[in-house]
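J.: Structure incoming, see below.
Chains as they are written, first to last, in the numbering used here: chain A, 1 to 581; chain B, 1001 to 1103.
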């Protein structure tokens, strides 16, 4: 990955840490001459932009880019309007530069503590440096809010973590290096975590042990009444706080799950009955509570959740269990875990693997959606016939065009979906928006609900119209709803659109990845003709059949409840796949 | 508290450890007296040397309570010491001269 570092101080140390930090992604950075911030941001033709950088860091000192702030440091009085106007000018330059990259990171402004020693005047409205710092950062955030591809970063955290030597005057005067290396190290870690999040590689599940993780003691020995949780006990309080933080993460869309060696009924009773349990069974997307090997249980659980093992984090207090699981599942992240229970919260919140570029309503509802899925699955065995079961679900698929409000979730889904993904393109919000804005391209988002509840935005379809052909570029569906005829509804929409604009042929080219075999399997059975092994074709003279169990609602209020041409989807004479498929 | 050469070598090794965190694996500076710090035989580039000097200054100031400025000409009368051992010697002499100056 190629980064461009723009700064008004010597930022080479950050570049070194970005290159050396062992976690993905691998990064090579180009550094612009320091002090040429505005020129670089504004000049489209500057050589550093000739090869589009994957990401840009624009890290500046407020006294350097805002003349009014420099005056404040010199104890001159400054007009608030002037200060805001200068922030707006800088923000406009950032917005312009953001169009030339997938991600522009903007660390917020900080100043050394020795500039904030005016005592009662620090927060003065006319000459308070600390007050002005808060004001300019707030203004910067407000003016950058909602700008695609711009991600402000909280520099103050890096300063606090580095401690009193964060601002190193020796490095400043020797090499114009603003911060100590501890600041750059933490910044490099956070930048990489952000890039992983943008690439859809953030962890999605936390798998937890129970005894001495969610509570103290062994519930199988003492019963739920005997475990340490809450009360006037340092460890008990720490367990409650740890559970509270886990619950907060689940509100950010991180799934919680349990893998524990215990009697299931005893453990579930403890979760249900202990009055200080913050987490309830509904907070868990799944669990394996038994005496089997934990690694095997994790594989089984992740298969149930339809997620790869690599998307999970496993937390266990036992070094032996951690070592066993690490050895058996090297792709699973198993962090070292403190033996002191009071450090659990700190250990959890220090994990930098949950970073995501945005938080959507679907993220907030994710745990509930998994509970709904569980209820749906539990209903399935009562019906022998799949068609009958699908009919009982009363599934509604809602189609909407890509727009500003669904863009964050669509980009998130595009970047993290592996299995039902035709091309496995990874794109930032900004890139996707730019791509979809081109003439002759159509992009839709699909939402699904049924009698059990709302599954949220779960599908993406994009088409490129080219003369008499329409190419399906993205065909993405969340694994949670695969096999419920949503896939067919998406093809129906693609072909309906193509027919409307007079297209003769719709095709889809499958790009193989290690994980998207389910997508290939779907296209093989879709009824499209397979040409040259990986390209599937539909003659748009024919309408694609919509399954009778699906009610399709379009943005223009059109509603389809069965194939509009009146054919029975199960007897329609599909073109046969060619032999080479 | 007066420094000993062994203490200074330990400080230098500690600083090299931190500087090595930024260097590619094939450009790591060995923690040995004859390892090249700067010069034609390899070692640190100018930025690496600045990082290294700032670290040594900071650690010496912390340990001995004295203000140290290693970019002073006194340390480099014959140019920057090219290897770790000679740098330690220069540092020792510099600190002995500087010692009366309290922070």
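Every residue, glycine too, gets a C-beta built ideally from N, C-alpha and C.
Does the distance from the C-beta atom of residue 208(A) to that of residue 258(A) stay below 7 Å?
T.: yes
J.: So residue 1031(B) and residue 1092(B) are supposed to be a Cβ contact under 8 Å. How far apart are they, rounded?
T.: With a Cβ gap of about 17 Å, residue 1031(B) and residue 1092(B) do not count as contacting.
J.: Between the region 32-47 of chain A and the region 67-84 of chain A, are three or more C-beta pairs nearer than 8 Å?
T.: no
J.: Applying the 10 Å Cβ sphere with the 16-neighbour rule, what's the burial state of residue 1096(B)?
T.: exposed
J.: Specify the secondary structure class of residue 143(A) as computed by DSSP and reduced to three states.
T.: helix
J.: Which residues, in chain order, does the region 12-41 of chain A contribute to contact with chain B at a C-beta distance below 8 Å?
T.: When C-beta distances to chain B are compared with 8 Å, the residues of the region 12-41 of chain A below that value are 12, 13, 16, 17, 19, 20, in chain order.
J.: Please report the distance separating the alpha-carbon of residue 574(A) from that of residue 528(A).
T.: The predicted model places residue 574(A) with a pLDDT of 33, which falls under 50 and marks its position as unreliable; any figure quoted below should be read in that light. Spanning the two alpha carbons is a distance of roughly 7 Å.
J.: Taking 8 Å as the cut-off, does the region 1011-1019 of chain B touch the region 1049-1058 of chain B (at least 3 CB pairs, one atom from each stretch)?
T.: yes
J.: What residues of chain B sit near residue 181(A), judged by a beta carbon separation below 8 Å?
T.: 1018, 1021, 1022, 1051
J.: With a cut-off of 7 Å, does the C-beta of residue 1047(B) fall near any C-beta of chain A?
T.: yes
J.: Buried or exposed: which applies to residue 530(A), given that a residue is buried once 16 or more other Cβ atoms fall within 10 Å of its Cβ?
T.: Buried: at least 16 other Cβ atoms inside 10 Å.
J.: Can you give me, in chain order, the residues of the region 149-175 of chain A that have a beta carbon less than 8 Å from any beta carbon in chain B?
T.: 165, 168, 170, 171, 174, 175
J.: CB-CB under 6 Å to residue 1042(B), same chain, minus the five flanking residues each way: which ones, in chain order?
T.: 1036
J.: Which first and last residues belong to the alpha helix (DSSP H) in which residue 479(A) is found?
T.: For residue 479(A), there is no enclosing alpha helix (DSSP H), as DSSP marks it with neither H nor E.
J.: Among residues of its own chain, excluding the 5 on either side of residue 77(A), which ones have a beta-carbon nearer than 7 Å to its beta-carbon?
T.: 126, 127
J.: Which runs of the alpha helix (DSSP H), 4 residues or longer, sit entirely within the region 235-296 of chain A?
T.: 264-273
J.: Helix, strand or coil: which one does DSSP assign to residue 226(A)?
T.: helix
J.: DSSP has residue 420(A) in a bridge; who is on the other side?
T.: Looking at the DSSP assignment, residue 420(A) forms a beta bridge with 477(A).
J.: Given 8 Å as the limit, is there contact between the region 235-250 of chain A and the region 302-312 of chain A, that is, 3 or more CB pairs closer than that?
T.: no
J.: Under 7 Å between beta-carbons, which chain A residues line up against residue 1014(B)? List them in chain order, please.
T.: Contacts between residue 1014(B) and chain A, judged by CB atoms closer than 7 Å, are missing: the closest CB pair is about 13 Å apart.
J.: Using 8 Å as the threshold, is the region 259-277 of chain A in touch with the region 286-296 of chain A, meaning 3 or more CB pairs across them?
T.: yes
J.: Can you have a look at residue 192(A) and say buried or exposed, based on whether 16 or more other CB atoms are within 10 angstroms of its CB?
T.: buried
J.: On the three-pair Cβ rule with 8 Å, is the region 213-228 of chain A touching the region 388-397 of chain A?
T.: no
J.: Which stretch, first to last residue, makes up the beta strand (DSSP E) that contains residue 507(A)?
T.: 505-509
J.: I need the straight-line Cα distance from residue 180(A) to residue 10(A), nearest angstrom please.
T.: Cα to Cα, the separation comes out at about 12 Å.
J.: Determine whether the beta carbon atoms of residue 64(A) and residue 8(A) lie at a separation below 7 Å.
T.: yes
J.: State yes or no: is the C-beta of residue 421(A) within less than 7 Å of the C-beta of residue 516(A)?
T.: Their beta carbons are under 7 Å apart, which means residue 421(A) touches residue 516(A) by this criterion.
J.: Return the chain-ordered ranges of every alpha helix (DSSP H) run that is complete within the region 73-150 of chain A and spans a minimum of 4 residues.
T.: 80-98, 129-144
J.: Quick check: the region 391-401 of chain A against the region 446-459 of chain A, are there 3 or more CB pairs under 8 Å?
T.: yes
J.: Chain A partners of residue 1071(B), CB-CB under 8 Å?
T.: 174
J.: Hey, how far is the Cα of residue 1073(B) from the Cα of residue 1033(B)?
T.: Bear in mind that the predicted position of residue 1073(B) carries a pLDDT of just 49, short of 50, making it unreliable; the figure below should be weighed with that in mind. Rounded to whole angstroms, residue 1073(B) to residue 1033(B) spans 22 Å at the Cα level.
J.: According to DSSP, is residue 1003(B) helix, strand or coil?
T.: It is coil, neither helix nor strand.
J.: Here's the rule I'm using: 16 or more other beta-carbon atoms within 10 Å means buried, otherwise exposed. How should residue 173(A) be labelled?
T.: Taking every protein chain shown into account, the CB of residue 173(A) has fewer than 16 other CB atoms within 10 angstroms, so this residue is exposed.
J.: My guess is that residue 369(A) and residue 459(A) are in contact by the Cβ rule of under 8 Å, so how many angstroms apart are they, rounded?
T.: Between residue 369(A) and residue 459(A) the beta-carbon gap is near 14 Å, outside 8 Å, which marks them as no contact.
J.: Going by Cα to Cα distance, which pick from 363(A), 153(A), 133(A) is closest to residue 80(A)?
T.: 133(A)
J.: Could you pull out every residue in the same chain whose Cβ sits closer than 8 Å to the Cβ of residue 280(A), ignoring the five residues on either side in sequence?
T.: 271, 272
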